[in-house]
Amino acid sequence: MARDGMGAMEMASQVQRETTLRDGPGRDLGLEAYSKLKDAIEDGIIVPGTRVTETDLSERFEMSRTPIREAIYRLESEGLLSHEPRRGLVVTQPDHQMIVELYTMREALEGTAARLAAQHASEAELITLAEINGLEPTLFEEPRALSRLNRRFHSMIYMSAHNRYLLKSLENMASTIALLPTMLDLPGRPAEAHAEHRTVLEAIVSRDAGDAEAAARDHIRSAGRRRVDLLSQAVHG
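Each step along the sequence shown adds one to the number in UniProt numbering, with nothing skipped, and position 195 is 195.
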């Protein structure tokens, strides 16, 4: 994770490559299958509404059905997979109400995380946040890599809050957010999100808890409005 203070170049390399796990005697195939399937959903390779089966996933990831079954069970419990009548298991398709509820909660939780980060973040964590933010413009033309870096920025704020219960809530919420396609491929959105991140970062570095919370809430509110607008266009367009 970024928390260990890795250098900017190393971090850039990491976010640009697919997640891989090493073979070895300690290899956890269930965890590997879970990571691969979740990454495929987060990266938009397997999109919401897609029907999935153990056989198809086993062939896609070149793994036996037992670890695939474990991954499916875990992702079902997280809400990323669900059963639909006459279709079977599918990647969950968020609806309008789900998105509104998600962003309402996300605004509250991430605002709190930013406020606590301004109060408790270590110097190493502040440096890492600044490095991540500084890398963002280099990936404006690579939405998938930028999306991973975006998740790293938010995760770093979560950890910098130093509140285990808040972190657990945010991690659970992040699983649902993974169902939503990135908006960082929309014209102008990468620069807009980068500027919003910069505002949050500056408040955290300044140890201004009130401004950090307000900036984080504004950022999530902005993303939520854009998300709802996109959904409305898809429904009525």
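We treat Cβ as the ideally placed atom computed from N, Cα and C, and that holds for glycine. Since we're looking at a predicted model, the values are computed, not measured.
Query raised in the report: Just curious, the alpha helix (DSSP H) that residue 30 is in, first and last residue?
Result: 29 to 42
Query raised in the report: Where do the N-terminal and C-terminal ends of the alpha helix (DSSP H) with residue 100 fall, by residue?
Result: 96 to 120
**Report entry** Opposing strand residues paired with residue 228 [DSSP bridges]
**Finding:** The partner list for residue 228 (beta bridge, DSSP) is empty, contrary to what the question assumes.
Requested in this report: Evaluate the contact criterion for the segment 77 to 92 versus the segment 174 to 186: three or more CB pairs, one atom per stretch, below 8 Å.
Outcome: yes
Query raised in the report: Where does residue 64 fall in DSSP's three states?
Result: Three-state result, residue 64: coil.
Report task. Check the DSSP bridge columns for residue 51 and list the partner residues they point to. Result -> Answer is 90.
Query raised in the report: When the distance is taken between beta carbons, is residue 160 closer than 7 Å to residue 121?
Result: yes
Query - Neighbourhood of residue 257 by C-beta distance below 8 Å, restricted to the same chain and skipping five residues each side - result: Absent from the structure is residue 257, since the part of the chain shown begins at 1 and ends at 237.
Report task. Pull up the distance between the alpha-carbon of residue 30 and that of residue 58, whole angstroms please. Result -> 12 Å
Query raised in the report: With distances taken between CB atoms, is the gap from residue 54 to residue 69 smaller than 7 Å?
Result: yes
Requested in this report: Determine the burial state of residue 96: buried for a count of at least 16 other Cβ atoms within 10 Å of its Cβ, exposed for fewer.
Outcome: Here residue 96 is exposed. Its C-beta has fewer than 16 other C-beta atoms within 10 Å.
Requested in this report: Could you tell me which residues DSSP puts in a beta bridge with residue 81?
Outcome: 91
Report task. Can you have a look at residue 223 and say buried or exposed, based on whether 16 or more other CB atoms are within 10 angstroms of its CB? Result -> Residue environment analysis places residue 223 among the buried positions, since at least 16 neighbouring C-beta atoms fall within 10 angstroms of its C-beta.
**Report entry** Contact the segment 107 to 115 vs the segment 204 to 216: 3+ CB pairs below 8 Å
**Finding:** yes
Query raised in the report: With DSSP run on the structure shown, which of helix, strand or coil describes residue 163?
Result: coil
Query - Complete runs of the beta strand (DSSP E) confined to the segment 115 to 203 [at least 3 residues] - result: none
Report task. To the nearest angstrom, report how far apart residue 49 and residue 163 are at their CA atoms. Result -> 35 Å
Report task. Thinking residue 52 and residue 89 are a contact (beta carbons under 8 Å), I'd like their distance in whole angstroms, please. Result -> 5 Å
Query - Residue closest to residue 92, alpha-carbon to alpha-carbon, out of 125, 86 and 180 - result: 180
Query raised in the report: Do you know how far the Cα of residue 146 is from the Cα of residue 264?
Result: What is shown of the chain runs 1 to 237, which leaves residue 264 out entirely.
Requested in this report: Compute the Euclidean distance between the alpha carbons of residue 211 and residue 35, then round it to the nearest angstrom.
Outcome: 35 Å
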